[in-house]
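Chemist: In the working numbering, the protein residues as written are 43 to 775. No residue lacks a Cβ here, since even glycine has one placed at the ideal position from N, Cα and C. All of these numbers come straight from a predicted model, not from anything done at the bench.
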Amino acid sequence: MSVKTRLSLIISLLVSVMLVLNVFINEHFIRRELNSQNAMFSETVGRQTSVLVEDFLEGREKEREKAATILRHAIEGAATLVGGAENVASLRKVAKLTGAEKLELLKPVSGGYRVTASSDASRIGQMALKMSDLPAEWAGGPPASGERYLMKDTFSDGDKVPVSWGYYADSEHPYILALTIYSHGYSPDTLIEQVRTYQPEVLEIGIWSMSGQKGVDASALKYGSEQYTSDSRGIELMKLAEAGKAQSEQAVIGGKSVLRSWYPFEEAKNSNYVISVVVDRTQIENLSSMHRRNQIGSSLLILAATLIGTWVIIQLLLRPLKGILHKVNEVAFGRFDRDIEVKRSDEIGELASRINHMSGSLKSYTDKLKAAVNENALMKEELESIFNNTADSIVIIGLDGNLLRVNESFLHTFGYSPADISSLRITDVVHPVEHAYKHPELARMLQGEALPPGEEKWRHKDGDYLTVGVTMSAVRNSQGEVWSLVAVARDVTSRAKMEELLRQSEKLTTVGQLAAGVAHEIRNPLTTLRGFLQLQQQSGRLNLQHNDIMLAELDRINLIVSEFLILAKPQAAKFEIKDVRYTLGDVISLLDSEGHLKNAVFHTRFTTDSCLISCEENQLKQVFINVIKNAIEAMPQGGNVYFDIQREEPNSVLVRITDEGIGIPEDIIPKIGNRFFTGKETGTGLGIMVSQRIIQSHKGRMEIQSKLGQGTSILITLPMSPDRRSGGDGAAS
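#1: Which ranges would you report for the alpha helix (DSSP H) in the stretch 267-327 if only whole runs of at least 4 residues count?
#2: Figure out for me which residue from Arg-486, Asp-97, Glu-618 and His-473 has the closest Cα to the Cα of Lys-499.
#3: Do you know offhand how far Asn-80's Cα is from Leu-171's?
#4: So for Asp-621, helix, strand or coil by DSSP?
#5: Find out if the Cβ-Cβ distance for the pair Leu-345, Ser-58 is shorter than 8 Å.
#6: What's the gap between the Cα of Val-237 and the Cα of Ala-288?
#7: Counting only the same chain and skipping the five closest in sequence on each side, list residues whose C-beta sits under 6 Å from that of Thr-91.
#8: Over what stretch of residues does the alpha helix (DSSP H) that includes Gln-236 continue unbroken?
#9: What three-state label does DSSP hand Ser-682 in the structure shown?
#10: How many angstroms separate the CA atom of Val-629 from the CA atom of Val-669?
#11: Could you pull out every residue in the same chain whose Cβ sits closer than 7 Å to the Cβ of Arg-698, ignoring the five residues on either side in sequence?
#12: What is the DSSP secondary structure of Pro-707, reduced to helix, strand or coil?
#13: Reducing DSSP to helix, strand and coil, say where Met-744 ends up.
#14: Looking at the structure shown, is Ala-142 part of a helix, part of a strand, or coil, going by DSSP?
#15: Starting from Asp-409, trace the alpha helix (DSSP H) both ways and give me its first and last residue.
#16: Assuming Tyr-684 and Arg-647 are in contact, meaning their beta carbons sit under 8 Å apart, how far apart are those beta carbons, in whole angstroms?
#17: At a cut of 8 Å, does the stretch 132-152 reach the stretch 213-224 through at least three beta carbon pairs?
#18: If you follow the beta strand (DSSP E) that Ala-170 is part of, which residue opens it and which one closes it?
#19: Which residue wins for smallest C-alpha separation from Leu-358, given the options Thr-455, Leu-49 and Gly-742?
#20: Under 6 Å Cβ to Cβ from Leu-626, same chain only, skipping five residues before and after it: list those, please.
#21: Could you tell me the distance, in whole angstroms, from the CA atom of Ala-774 to the CA atom of Asp-701?
#22: Using 10 angstroms around the beta-carbon of Ser-581, count the other beta-carbons present and answer buried if the total reaches 16, otherwise exposed.
#23: Does DSSP classify Asp-442 as helix, strand or coil?
#24: Give the DSSP-derived three-state secondary structure of Val-124 in the structure shown.
#25: Could you spell out where the alpha helix (DSSP H) holding His-454 opens and where it closes?
#26: Skipping 5 residues on each side, what residues in its chain have a beta carbon closer than 6 Å to that of Ile-326?
#27: Alpha carbon to alpha carbon, how far is Asp-504 from Ala-23? Give it in angstroms, no decimals.
#28: On the CB-based measure, 16 or more other CB atoms within 10 Å of its CB, does Thr-271 come out buried or exposed?
#29: Going along the chain, which unbroken runs of the beta strand (DSSP E) with 3 or more residues stay wholly within the stretch 323-366?
#30: Quick check on Gln-664: does DSSP put it in helix, strand or coil?
#31: Just mark Asn-416 as buried or exposed, buried being the case when its beta carbon has 16 or more other beta carbons within 10 Å.
#32: Just reading off the alpha helix (DSSP H) that Thr-469 is part of, what are its end residues?
#33: Going straight from the alpha carbon of Ile-704 to that of Asp-442, what length do you get?
#34: Which residues does DSSP pair with Trp-250 in a beta bridge?
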C-alpha cells in the first residue's frame, strides 16, 4: 500500500471517527433537549390544569356558599307557607325570591323520596332521591326534633353543567325541602377537553383524588381519563407523586411512545389531588430521526469530500518526494553521483538538500571504508602469513581453557593434526606441575598484570615433553575486556640441553677453581690431625682433649666435602606435596640440641592454616639447615631465633627465620651468594649459594634483610600447591 493511500485512509478514518462522534453527540444533546422541552411542556400543562382545577374548586365553594344562603332564605320563605307549602305557585314565588333554579318538597315513600310539590310542575310525582343517595340518618324522614342540612354537588347529564343540591328537614314539617342551583361555569372535564383541543400532543389528563384512599387505583380518578396511566407502574408512580415529588417516565403504550408525568396538586386546601399528564412523543421521535438522517447524510458528504481532497492534496505534496525517493534508491545501490535538483525552500526542499549532503558524506565514507577494507584484507593476509609461517608456535586459548586456534608451527612441533585442536585444552598440553604453578599467574594476567617470559614443558602428541620458552599475553576487545589469551612458544629443548651442559661445564670449572681452596681448607685440619697423632705416638698416651680437637677437625673436613658435593653433583629431584610447617619443624628438632649447646633459644610462630607446597624435601631441609646454622653462628653469646610461617595471598607461603646476631652490613648483602664469598672466618661461601639454587628450583625466592647490631631475617617465599587445603592443626609456638 502506497504512502498516499495509507495517509488518505488514515485521514479519512480520523474524519469518519470524528463525524460518527459528532452524530452521536448531536443526537444525544438534541434528544436530551427535546426530552427536556417535552418534560417542560408536560409540566406546564400540569400546572395549567392545576390552576384551572383550583379555579373550579374555588368557584364551586362560592356556589356552595350561595346555595347555602339560598337554602336558608328558602327555609325562611317556606316558613311563611305553613299550610300552603305544597302550592306550586307558592314554591315558584319562593324560588324566584331566593334565586333558586328549582324548589321542591320531598316526602318519604318506599325506597326513597318522591316530589309532592315543585316550582317545576313536571317534576311532581317523580322519584327525586333513593335512600342510598342520602346519609343513614336521613333514611327515616324528617328528624324527631331539631333540623338537618345537607349540601351535594353533581353534574347534569346533558352538558356536564355542575349542579348544587341543598336539603333541609326539621321536626315540625313532614317533608324535606330540596333546593337546586345551576352553576354558570365549566366542569373540569370540559376544561380538560379544551386543553387537549388546543394542545393536540396532550393525549390524556387525569385528576386523581387521594383523599381518604387506602389504596390508589382507577377508582381514584376524579376527572379526565386513565387509559395511559391506570397500569401497575402508573399507580406506583402516582403514589410517589402523592408524597410530594413529581414523577415522570417514558413508555411505549399501545405501540405509541409517550411521556407520562404525575404532579402533586399542592394548591388544594381541602382535598389532595394528583394530576397525570400523558404527552405524545411521536413528534419528538420523528424530529430526532430526521435530524439523525440529516447528520448522517451531511457526514457522508463531508467524508467523501475529505477523501477526495486528501487524495489530491497528498498527491500534490508527495510529487516532489518521488524524486527524493529515486535518489534514495540510487544511494541504496551505491550510486552517489547525481544530486537532487532543489527548487523549494520548505521542509521538502530542506530534506532534498540534506539527502544530497548525506549522499556526498556516504560517498566519502564509502570510499574510506573500501580503502580500509582493502587495507584490512591485506593486513589480514600478512598476519595470516606471519601466523602460519613463523617458526614459533602460536596458540590462542579461550577463557575456559579450550584451544581456539593454533598455527602450523604448533602442529608441526607437537605432532597434532588440525582435527585434534577442537578437542584439546591447555591442560592437555602443559605439564601438570607447570600448569599448577602457572594458574595463579594467569589469574594475575587476567587482572591486567604483565607476566615475564618463562620456560615450561609442553606435551608432544606421542607423550614426550618438550621444553619451550613461553610468552603469554591477554587479548582484549574494544571494551577492554579479556576474551582470550595468546601464547607464543619456542622449542628450546636443544638449548636447555646445551645450557645444562654449560652448567655442568661451569660446575666443573667451579670445582677446578675450588680445588685449591678445598685442598687448603682440608690441609689445615689434616695438619692439625697429623700433629696430634704424632704427639700421641711419641708420648705413648691418649689425650682426650686432643681427641675432641681432632673430631672437630674431621667434622669440618666432612662439612666442606658435603657442601662441595652438593654444588658439583647433579641430583635427580623428586617433588612431593609436603606441609612446609612440618618440614621446618623436623629441622628445628634436629638442630635443637646444637642450639642449646650454644645458648640459642628457638621460638616457632606457625599459622594454623595448612601450607602445602610441591618440594624436594631433602633439598628444602638442607636450605633450612644452612640458614639455621648461620643464625646460631651469628650469635656467639647466644640469643633468640624466631621461626614464622604464614600464608601470603594469593597463593604463596612465607617462611621467615630471624636471629638476634650481629647483623650484616648493607654493602655486603648484595654479594652474599657469590662463589667463595663468605663473611665468616671458617666459611666457604657455598651454603647460601646452594640454598639460593635450591629455592630457585622450587620456583621461589630468597631475600636477606639485616641491620647491624639488631640481627638478620631470611625470607623464603614458596608457591603453594594447587592441592592446598584450608585449615590445619597448627604448630606450637
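Modeler: Taking the definition as stated:
#1: Residue ranges of uninterrupted alpha helix (DSSP H) with 4 or more members, entirely inside the stretch 267-327 and ordered along the chain, are 274-284.
#2: His-473
#3: 47 Å
#4: strand
#5: Yes.
#6: 21 Å
#7: Ile-247 and Ile-317.
#8: 230-240
#9: As written in the sequence, residue 682 is Asn, which differs from the Ser given in the question. Residue state, collapsed to three classes: strand.
#10: 11 Å
#11: Taken in chain order, the residues that qualify are Asp-686, Ser-755 and Leu-757.
#12: coil
#13: The three-state secondary structure of Met-744, taken from DSSP, is strand.
#14: coil
#15: Taken as a continuous stretch (DSSP letters only), the alpha helix (DSSP H) holding Asp-409 covers 389-431.
#16: 7 Å
#17: At 8 Å Cβ cutoff, the stretches touch.
#18: 169-172
#19: The option with the nearest alpha carbon to Leu-358 is Leu-49.
#20: Phe-666
#21: Summary for Ala-774: the model assigns pLDDT 35, below 50, so the residue's position carries little reliability; its value from the coordinates is reported in the next sentence. Cα to Cα, Ala-774 sits roughly 19 Å from Asp-701.
#22: Under the 10 Å beta carbon count, Ser-581 is surrounded by fewer than 16 other beta carbons and is classified as exposed.
#23: coil
#24: Because the pLDDT at Val-124 is just 42, under 50, the model does not fix this residue reliably, and the point stays unresolved.
#25: Taken as a continuous stretch (DSSP letters only), the alpha helix (DSSP H) holding His-454 covers 450-456.
#26: Leu-76 and Asn-80
#27: The structure shown does not extend to residue 23, since the chain is modelled only from 43 through 775, so no value can be given for it.
#28: buried
#29: none
#30: helix
#31: exposed
#32: 468-471
#33: 53 Å
#34: Leu-263 and Val-316
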